[in-house]
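Each residue of the sequence shown is one higher than the one before, starting from 10 at the first, in my numbering.
By construction, the Cβ of each residue, glycine as well, lies at the ideal position given by its N, Cα and C atoms.
Written out below as structure tokens is the structure these notes cover.
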Amino acid sequence: MSWKISSKVEAILERGAEGESIERDQALYLLAIPLHTREVYALMETANRLSRQQFGEKGENHFHIGVNVAPCPINCLFCSLTLKAGIFKESIDFSEEQILSWARHAQEHGADALNLMTTGNFSFQRLLEIGRMLKKAVNVPLVANTRDITHDEGEALLDAGFAGAYHAIRLGEGSDTPLKREKRIQTVQVIKKVGLLWMNCVEPVGPEHSHEEIVDLMFLARHYKATYSGIMRRINFPGSPMTRYGMISELEMARMVAVSRLVMGTVPQAHCTHEPHTASLLAGANLFFPEVGASPRDGEADTEKGRGHSVQRCHAMQKEMEWKPELPSNCFE
Ligand code: SF4
């Protein structure tokens, strides 16, 4: 066995290390590197180094609050909060007291942002009210994660106190979801235009997705200059129609996190992965999402009692990998 890595991989990594981004065919080449090879660890090391240089070793934690549970009629195949999945028969809107208590807890424990997620059929006005309420009560930047929005709705989010919006064009958009890719991209443009930060993840990755589809979304995130855009794998909730495809492993996810990190180059302020795990913290990821309330990956109405990780647990994982969650956020400067 040679101790050297292949010269082709070396040349791509040299370019990636400079932060200028790599080409599409280079990203495809890196995604196909077999796991457990020197090349894949060299890839992860390059992405890790780039993130540490650029993010100053900051470990970011954006606290997800799923503000409502509903049998959502939009029926995205990968989501547990759908009418079709039949897991949640009744809608639950978590009370203001509960949301406030989660937000205060997140602030106390040093979360860097509050990501307020709604189902696709949740009242937009209600989201604005919750935003206004939290803006007065806590000092943590707010990020909305909701349906497609118009220009006026984007401005209303900004007026209500939101600093950013998470909005992903999902893998399988238009086939695994009934939503139109063009409409999702229009929303990203609205977010950018009104002056909200656009936050993104290539998601929800499963073994059935082609490298071409995955790389396409990585470059879309670079093109529209996402504040962050890493990788989230699909979690197959109990009874998920996607169960037949299986799930990718955390190590496969780490390889993708590294490739997406080199694609993003100097564009982002952080690099995310979900759900929280350590492998990607060695591959360029520095941003986790602790979670409470509704989650499209969980069969529990409150993911705090299910799959969700606490802020403290996310901090502990980051500290074990020598990231520093106590530093100020890079995302909202
Ligand atoms: S992903 Fe969002 S829009 Fe799609 S079914 Fe789940 S809650 Fe509804």
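{"query": "Residues that DSSP places opposite S304 in a beta bridge", "result": "Paired residues: none, contrary to the question."}
{"query": "Classification of Q63 by the beta-carbon crowding that lies within 10 angstroms, buried from 16 upward", "result": "buried"}
{"query": "Any non-hydrogen atom of the ligand SF4 closer than 7 Å to P305 Cβ", "result": "yes"}
{"query": "Residue from T46, A51, S304 and A94 whose Cα sits closest to the Cα of T252", "result": "A94"}
{"query": "Nonlocal neighbours in the same chain, by C-beta distance under 8 Å from E182, ignoring five residues either side", "result": "L188, K189, R190 and R193"}
{"query": "Any 3 or more C-beta pairs closer than 8 Å across the stretch 58 to 72 and the stretch 265 to 276", "result": "yes"}
{"query": "Through-space distance from H318 to P285, alpha-carbon basis", "result": "7 Å"}
{"query": "Three or more C-beta pairs below 8 Å linking the stretch 116 to 128 and the stretch 154 to 161", "result": "yes"}
{"query": "Check whether M241 and H283 have beta carbons under 8 Å apart", "result": "yes"}
{"query": "Cβ pair F171, A120 closer than 8 Å", "result": "no"}
{"query": "Beta-carbon proximity list for T196, same chain, < 6 Å, skipping 5 on both sides", "result": "D157, I158 and H176"}
{"query": "C-alpha gap between P213 and F87, whole angstroms", "result": "8 Å"}
{"query": "Whole-number beta carbon distance between V152 and G173, since they are thought to touch under 8 Å", "result": "4 Å"}
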